[in-house]
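Okay, structure first, notes after.
Protein chains: 2
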Amino acid sequence: MVDYDQAQALLAQLAKSQPAPQTEFIPLSQARGRILAQNLKASTPRPEADISAMDGYALCCADIPDTGQSHVTLPLRDYITAGECPPPHQNGTAATILTGARIPLGADCVIARERVEMCDGTLRLALSDIAAGKNIRREGEEFPTGSTLLTAGQKLDWRHVALLASQNMKQLAVYKQVRIGLIANGAEFADNAQDCRAEINTPLLTAMLESLGLHVVTRVVGSDNRQDLQNAVLEMEAQSDVLITTGGISVGQTDHVLPVMEQLGASCLFRRVKIKPGKPLTVMTLGHKPVFCLPGNPGATAICTLFFVIPFLRSLINVKSESDIPYTSDGRSSFSFSSPAETTCFVPVTYAQSGKEGVFTAVPSRGASDILCFSHATGLLLIPAGQTLNVGDWCSAIPLN
Amino acid sequence: MVDYDQAQALLAQLAKSQPAPQTEFIPLSQARGRILAQNLKASTPRPEADISAMDGYALCCADIPDTGQSHVTLPLRDYITAGECPPPHQNGTAATILTGARIPLGADCVIARERVEMCDGTLRLALSDIAAGKNIRREGEEFPTGSTLLTAGQKLDWRHVALLASQNMKQLAVYKQVRIGLIANGAEFADNAQDCRAEINTPLLTAMLESLGLHVVTRVVGSDNRQDLQNAVLEMEAQSDVLITTGGISVGQTDHVLPVMEQLGASCLFRRVKIKPGKPLTVMTLGHKPVFCLPGNPGATAICTLFFVIPFLRSLINVKSESDIPYTSDGRSSFSFSSPAETTCFVPVTYAQSGKEGVFTAVPSRGASDILCFSHATGLLLIPAGQTLNVGDWCSAIPLN
């Protein structure tokens, strides 16, 4: 039996010993939610060329004679739209130019459409409006060629997809999705059990893990036959990077997870953790493959996954997505709670804004089996072993959605 | 031209006039991320029966003779595992019972395994450990039959999937995903354009909208031919609930969006909004179908979508997902910013925790076209028209991921 910190330290070590994540190439349309496995430097600047920021008229400032008058007239020549390469600027003329269109070579100023008057195809504009560079977006002013746009480990959302699109990336390297093999076991889950129960852990964990972009395969072993479980473990092990079992880790005659793991030659990283709920949590390795043996109670299983499995999976690929947002929410406690001397406790809470501070309120829970408490809660507080949370104390919760 | 509040009010009205969302039935395995379209009351209580909370021994308190001694011995009979319906309790005996197994009729106490001694098949336990109800989880103590578990409008994550699984829901009613038809247009996006540009808006908006569980179909019209755009609008309109166009809403000869909409008989809800960036934002209705005409600059398009399109889409189905978490993050500004008298401005910011308060720092932006600024930012601040944000002011940002 280890304590919370020891368990986390052992898992951090285990993560380091895992093989480097594999990469694969995917099309841009599938990039959202994946983890970038390459650095991205700009090969295309943005803007890609000097372009007009307005619908207006392109001219060259040096062409404009200093007549001492307030206004000047210029003959209009070309009509330049986005997508075409305009002919070079002709001295002493202006060209109609649309937003985003390329500035003709030799032009250096765009006067907005609404600032001029048109008269018989001739442009009349105020001298005071003319200034070099006006309304021109310069090639590379957002980012020049060679800029670092993204680095490996970035979890990709629309912001990053936009940058990838700006580089005309049709394919990109991402880390392969970690494949989770998830096995629930218990004779009570057989359709023909005398006292049949709803099997909650596989849909619960699948939803939780898939929302993180993991690939989950599940198997429910609805029997108390040890060989059935062993067959399932071997089959799931062959198609996954990390195994998770739920239930069957006590020492009753129907608790087959640990005997099966032993028979398959698994090594124990730790057996039970001083936490509540979730104490039965056991982690083994089967060859190099991590095996999380979770309790059967779905409340405990959810908490073990949130606090142990998911941080472990994140550390496998060193995801950058969460570094830039507060993963926890902070506020004051409106209740007091004391963890026993040796047991780290998890308390479901709601969060509400009160003036400029957040306030956490405890959600009643029936403990390890309770699942309803989570849908009433917005986060979980971790109260370390032997510590007391008092009313008004500042604390951090991890969010539940 | 309308101001920010007028535009939002018009959109709220438009949302109310939309037909009620349609529902469909999906299997539980596809529930994550969808919006529940039914209320869910418990037809199965949890626990489903009186069950043991421990591995231990089930007995009946009334059986225990008051011998005046500190310990008592009981013969052991049955071995009860989860999934079976045990025979009734036999007076004066105990039964081995595993965690989660059903309590035999007539037993009313479970003594934990580690609290007893076994001697030749006979159980020896302390009288002081015996108490009615001990280590028994009562049928319905988490929730009884008839409890309200979920209500329509709930966005489903693992917490709700667990509750649905507890009710053995194989199928559930959800709102059909809103179908978005997304059309980018501009000759500069044709592969064979002289001055070809990367088309960013469709991948950007697709990633943004798909992450909200919307169904997105895209079309890039890489020509300046009005008929091409009109054909695309008709085709996309037929397969979507909401249309979005990007680009082509100015009044140049290649700006065909408004003429096409007019020709198709669309009505204008508003034309341009006093915001920066995003001023060209125009909303029409084609029949009853909302059409968001967004600017071509991807930075402006992203902001229009975050502040106008997405709130509108949410209000169509009155989603409950966000009601329980703070959708904004709050903190103090580390910079000052003044919006012009008539223009609501959006400023990309980073958020950092400083002691117990969050601090926002402005991220430099090149304006309407800038996409790099978003990947450096964590949120967007809205500064209302005519207002000044001062250093130290308390403010709220909407998060970017």
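These protein sequence lines map, in sequence, to chains A and B.
So that you can map any letter, position 4 of the first sequence is 4 in UniProt numbering, and since no number is skipped, the others follow by simple counting.
So that you can map any letter, position 116 of the second sequence is 116 in UniProt numbering, and since no number is skipped, the others follow by simple counting.
Where is the CB? At the ideal position from N, CA and C, for every residue including glycine.
With respect to the beta strand (DSSP E) encompassing D78/B, which residues constitute its N-terminal and C-terminal limits?
H71 to I80
Would you mind working out which of S369/B, L389/B, H160/B and H376/B sits nearest T99/A, comparing C-alpha positions?
S369/B
Exposure label - V283/B; buried when at least 16 CB within 10 Å:
buried
Less than 8 Å between C-beta atoms, sequence neighbours within five positions excluded: which residues of the same chain meet that for C395/B?
D330, G331, R332, S333, F360, L381 and L389
Looking only at its own chain, which residues have a Cβ that is under 6 Å from the Cβ of A385/B, when we skip the five neighbours before and after it?
S339, E342, T343 and T344
Expected contact under 8 Å - CB spacing of D157/A and N231/B to nearest Å:
Not really, about 32 Å apart at Cβ, beyond 8 Å.
As a quick exercise: from C61/B, L306/B and K170/B, pick the residue whose alpha carbon is nearest that of A207/B.
The candidate whose alpha carbon is nearest that of A207/B is L306/B.
Helix, strand or coil, according to DSSP, for P399/A in the structure here?
strand
Measuring CB atoms only, is the stretch 291-301 of chain B touching the stretch 236-252 of chain B, in the sense that at least three cross pairs come out at less than 8 Å?
yes
Are the C-beta of F374/B and some C-beta of chain A separated by less than 8 Å?
Answer yes: the Cβ-Cβ gap between F374/B and chain A drops below 8 Å somewhere.
What residues of chain B sit near R366/A, judged by a beta carbon separation below 8 Å?
R137, E141 and E142
Residues in the same chain with beta-carbon distance under 8 Å from R272/B, minus the five sequence neighbours each way, listed in chain order, please.
M1, V2, K279, P280, L281 and T282
Along the stretch 18-45 of chain A, what residues have a CB closer than 8 Å to any CB found in chain B?
L28, S29, A31, R32, G33 and T44
P45/A to M261/B, Cα distance in whole Å?
34 Å
Across the stretch 108-128 of chain B and the stretch 169-176 of chain A, are there enough close Cβ pairs to call them in contact, namely three or more that are closer than 8 Å?
no
Same chain, Cβ closer than 6 Å to residue 407/A, neighbours up to 5 away in sequence not counted
In this structure chain A extends from 1 to 401, so residue 407/A is not present and cannot be described.
Pop quiz: F346/A and A362/A are said to be a contact at Cβ under 8 Å. What is the actual Cβ separation, rounded to whole angstroms?
At roughly 11 Å, the Cβ-Cβ gap does not stay under 8 Å, so F346/A and A362/A are not in contact.
Note down, one range per segment and in chain order, each beta strand (DSSP E) of at least 3 residues found wholly within the UniProt domain "MoaB/Mog" (181-315) of chain A.
215-221, 242-246, 267-271, 282-286 and 289-294
First through last residue of the beta strand (DSSP E) which encompasses D5/A:
Taken as a continuous stretch (DSSP letters only), D5/A belongs to no beta strand (DSSP E), being part of the alpha helix (DSSP H) at Y4 to S17.
Expressed to the nearest angstrom, what Euclidean distance is found between the alpha-carbon atoms of T285/A and P311/A?
17 Å
If distances are taken between C-alpha atoms only, which option among Q227/A, A302/A, Q253/A and A31/A comes closest to P277/A?
A302/A
Alpha carbon to alpha carbon, what distance is there between I371/A and A162/B?
Looking at the two C-alpha atoms, the distance is approximately 7 Å.
Say whether chain B places a C-beta atom closer than 8 Å to the C-beta of N401/A.
yes
Report the option in A397/B, G133/B, E141/B and S240/B whose CA atom is closest to the CA atom of A49/B.
E141/B
Residue range of the alpha helix (DSSP H) that includes F374/B:
L372 to H376
Which residues DSSP lists as bridging M54/A, in chain order:
None; M54/A has no bridge partner.
I'd like the list of long-range same chain contacts for A101/A, defined as Cβ closer than 6 Å, with 5 residues on each side in sequence excluded.
S52, I80, T81 and A82
Separation of T350/B from S323/A, as counted between CA atoms
Any reading at S323/A needs caution, since the residue's pLDDT is 43, under 50, leaving its predicted position unreliable; the model's value is listed next. When rounded, the distance between both Cα atoms is 12 Å.
What in chain A is Cβ-close to M208/B, meaning under 7 Å?
Per Cβ cutoff of 7 Å: W158.
Can you grab the Cα-Cα spacing for the pair A131/B / R366/A, in whole Å?
19 Å
Looking at the C-beta of A397/A, does it have a partner C-beta in chain B at a distance below 8 Å?
no
According to DSSP, is L317/B helix, strand or coil?
First, the residue type needs correcting, since residue 317/B is Ile and not Leu in the sequence shown. I317/B: helix per DSSP, three-state reduction.
For S166/A and F143/A, the rounded distance between their alpha carbons:
11 Å
Classify P27/A: buried if its beta carbon has 16 or more other beta carbons within 10 angstroms, exposed otherwise.
exposed
Chain B beta carbons: is any one of them nearer than 8 Å to that of P203/A?
yes
Q387/B (DSSP reduced to helix, strand or coil):
coil
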